[in-house]
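J.:
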Amino acid sequence: MDGAARKSWPLTAAVFLVVLLTVTLLRSNLTATAEPSYPTGLPGLLQLEIENERLAAENERLWQELNQLQNSQNGSALASEQMDTARLNAGQVELTGSGIRVILDDALERENSGYGNYVIHEEYLRQLVNVLWSGGAEAIAINDQRVTGQTEIFCSGAFIQINGTRQSPPYKIVALGNQSDLRAALQFYFWDNLGHYQQQYGITRELEIPVQPLTVPAAKTHAIRFAAQAREGER
Amino acid sequence: MNRRLAGVATIAMLILGVLLSLQLETQKSVDLAEQIQTERLNQISGVLESLQAENARLLEENTHVASELDRLREAGDTNPLLAAQLEQLKIQDGTVPVRGLGVKMLVTDSGPDLMVLFPVNTDDLCNIINTLRFAGAEAISINGQRIVASSSVVLSGNATILINSVPIGRVGATTYEILAIGDPDVMYDYLNRLEVLTLKQAGMRVDLTKEEVALPSYKGSYYFDYASRTSA
Chain A
1 MDGAARKSWP LTAAVFLVVL LTVTLLRSNL TATAEPSYPT GLPGLLQLEI
51 ENERLAAENE RLWQELNQLQ NSQNGSALAS EQMDTARLNA GQVELTGSGI
101 RVILDDALER ENSGYGNYVI HEEYLRQLVN VLWSGGAEAI AINDQRVTGQ
151 TEIFCSGAFI QINGTRQSPP YKIVALGNQS DLRAALQFYF WDNLGHYQQQ
201 YGITRELEIP VQPLTVPAAK THAIRFAAQA REGER
Chain B
1001 MNRRLAGVAT IAMLILGVLL SLQLETQKSV DLAEQIQTER LNQISGVLES
1051 LQAENARLLE ENTHVASELD RLREAGDTNP LLAAQLEQLK IQDGTVPVRG
1101 LGVKMLVTDS GPDLMVLFPV NTDDLCNIIN TLRFAGAEAI SINGQRIVAS
1151 SSVVLSGNAT ILINSVPIGR VGATTYEILA IGDPDVMYDY LNRLEVLTLK
1201 QAGMRVDLTK EEVALPSYKG SYYFDYASRT SA
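Chain order of the listed sequences is A and B. First residue of the first sequence: 1, per the numbering used here; consecutive thereafter. First residue of the second sequence: 1001, per the numbering used here; consecutive thereafter.
(1) On a Cα-Cα basis, can you pick out the residue from Leu207(A), Leu62(A), Thr12(A) that is closest to Val1096(B)?
(2) Give the single residue among Ile1091(B), Thr1122(B), Asp1185(B) whose Cα lies nearest to the Cα of Asn1158(B).
(3) Listing by chain order, which chain B residues have their CB less than 7 Å from the CB of His222(A)?
(4) Spell out whether any CB of chain A is found under 8 Å from the CB atom of Phe1118(B).
(5) In chain B, which residues lie with their C-beta within 9 Å of the C-beta of Glu94(A)?
(6) Look at the alpha carbon of Pro39(A) and the alpha carbon of Phe1118(B), and state the distance between them as a whole number of angstroms.
(7) Give the DSSP bridge partners of Ala139(A), in chain order.
(8) Where does Gly195(A) land, buried or exposed, given buried means 16+ other C-beta within 10 angstroms?
(9) Please name the residue or residues paired with Pro1167(B) in a DSSP beta bridge.
(10) Is there a Cβ from chain D that is less than 8 Å from the Cβ of Ala184(A)?
(11) Taking only beta-carbon atoms, is Gln1052(B) less than 8 Å away from chain A?
(12) Using a Cβ-Cβ cut-off of less than 8 Å, give me the residues of the region 203-218 of chain A that come near chain B, in sequence order.
(13) Check the DSSP bridge columns for Met1105(B) and list the partner residues they point to.
(14) Assuming Leu1082(B) and Ala79(A) make a contact with CB atoms under 8 Å, what is their CB distance in whole Å?
(15) Pairs of beta-carbons, one from the region 1202-1214 of chain B and one from the region 1097-1117 of chain B, closer than 8 Å: are there three or more?
(16) Give the secondary structure of Ile153(A) by DSSP, where H, G and I count as helix, E and B as strand, and everything else as coil.
(17) Looking at the secondary structure, which residues open and close the beta strand (DSSP E) in which Leu207(A) lies?
(18) Expressed to the nearest angstrom, what Euclidean distance is found between the alpha-carbon atoms of Ala1137(B) and Arg1040(B)?
(19) Alpha carbon to alpha carbon, how far is Ser1029(B) from Thr24(A)?
(20) Residues of chain A with CB under 7 Å from Asn1130(B), in chain order?
(21) Quick one, which residues of the region 165-176 of chain A are near chain B if we go by CB-CB under 9 Å, in chain order?
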């Protein structure tokens, strides 16, 4: 009895050691293969970097303006130049230039099942406008309604409300800018979806890239009643 | 009997030796990985600090020059009516920071107590912008990006949302902050009816309040290289 116990204890110790080592090995292996935790602030970092770049540009512009103002005998020439720029930026000037035209229209015949994929929905217009802006459009109008920072594209029954006006199909979207850039911006799944709807349901999806310049009308003025100019960084 | 024990012991020792050396090797590589990780983190926080310092400096410079410009303009003989119109236009094109009555909407799509299958996407943000415009918003911003006419909201990769071509991180990694200036009652009402329910049904937390808000200016630039004033 005693002899057997004495014989088996080195074995027990060895087994114990092996198990211990295996466990620690497995654990350190697990931590080594685990996904390294990347710092979460990366988008914030990029954002800050871009913001800094833009702030620097903005400051540069302000310095220039200050310089001009200091040099000019009277500020009025500068003021009118600023006014022109602001009107241009706010979309209150009619513009002409190269661009593309997209025409969307409801299907001529639709099955009894209802509207569904047979008509042009507000989302289509919004998606298009969004990708055209991201493709570098300089000005956009839908059915001669200029798209500005205050423009809504909202479904109201059989019409789509744009700038408070009721628009009905066909919708003609004109975007001014680099033609190949704008065309490239359209190459995404949504445009292909519209192509499928065209084939299956008979809606119209047309892209025109005319040689002659296109025109985008000026926007109406908006009264600003609630917002007042503030200082950068004010909270 | 003794021979068998010796055989077992030899095999056990062999295994032990292999395990020991393996263990040492992995521990070494783990240590190295950890070291690299800490170094990387240190580096990034260093970059972040210097960027923040740079940002503060630029903001200070901006305030300084802007106030000097204002002083000079006021000293000049600029027509006050024209100045007022210029301000209105600049509020519309987003090139100046603004402050005023409006609404603040916080949308939280992740967190310990939330179960959200599909987080906020570009369509959600576009819908909110459109509804705010419908409600007559005069100025809108999302996570510090001023929304102007030409602002696009697009997805980069599979999780990063770009507004004005700038990646917008969630505030505190969980929340989108949407600010808008305009009639607070109308905007509150429209958002509540058209947007809040959908987001809440998706499991998100939405906080909508009427309050005075301050929005930053649009930091991008307007360019007209292909379009020009229509000549009469």
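Positions of the beta carbon are idealized from the N, C-alpha and C atoms, including for glycine. The model shown is predicted, which means the values in this text are computed figures rather than measured ones.
T.: The relevant details are as follows:
(1) Its Cα nearest to that of Val1096(B), the residue Leu62(A) stands out among Leu207(A), Leu62(A), Thr12(A).
(2) Of the listed residues, the one whose Cα sits closest to Asn1158(B) is Thr1122(B).
(3) Result: Gln1092.
(4) Not one beta carbon of chain A lies nearer than 8 Å to the beta carbon of Phe1118(B).
(5) The contacting residues are Arg1229, Thr1230.
(6) For Pro39(A), the predicted structure reports a pLDDT of 46, less than 50, and the residue's modelled location is therefore unreliable. The matter cannot be settled from this model.
(7) Within the DSSP bridge table, the entry for Ala139(A) names Leu176(A) as partners.
(8) Counting the other Cβ atoms within 10 Å of the Cβ of Gly195(A) gives fewer than 16, which makes it exposed.
(9) Looking at the DSSP assignment, Pro1167(B) forms a beta bridge with Leu1162(B).
(10) In summary, chain D is missing from the structure at hand, where the protein chains are A and B.
(11) Closer than 8 Å to some Cβ of chain A, the Cβ of Gln1052(B) qualifies, so yes.
(12) Taking 8 Å as the cut-off between beta carbons, the residues of the region 203-218 of chain A near chain B are Thr215, Val216, in sequence order.
(13) Answer by DSSP bridge pairing, in chain order: Ile1178(B), Leu1208(B).
(14) Here Leu1082(B) really is in contact with Ala79(A); their C-beta atoms are around 6 Å apart, less than 8 Å.
(15) A contact exists between the region 1202-1214 of chain B and the region 1097-1117 of chain B.
(16) Ile153(A): strand per DSSP, three-state reduction.
(17) Note, Leu207(A): beta strand (DSSP E), 204-208.
(18) Cα to Cα, the separation comes out at about 43 Å.
(19) Their Cα atoms are separated by approximately 14 Å.
(20) Arg126, Glu152, Ile153, Phe154, listed in chain order.
(21) Shown in chain order are the members of the region 165-176 of chain A whose Cβ falls below 9 Å from a Cβ of chain B: Leu176.
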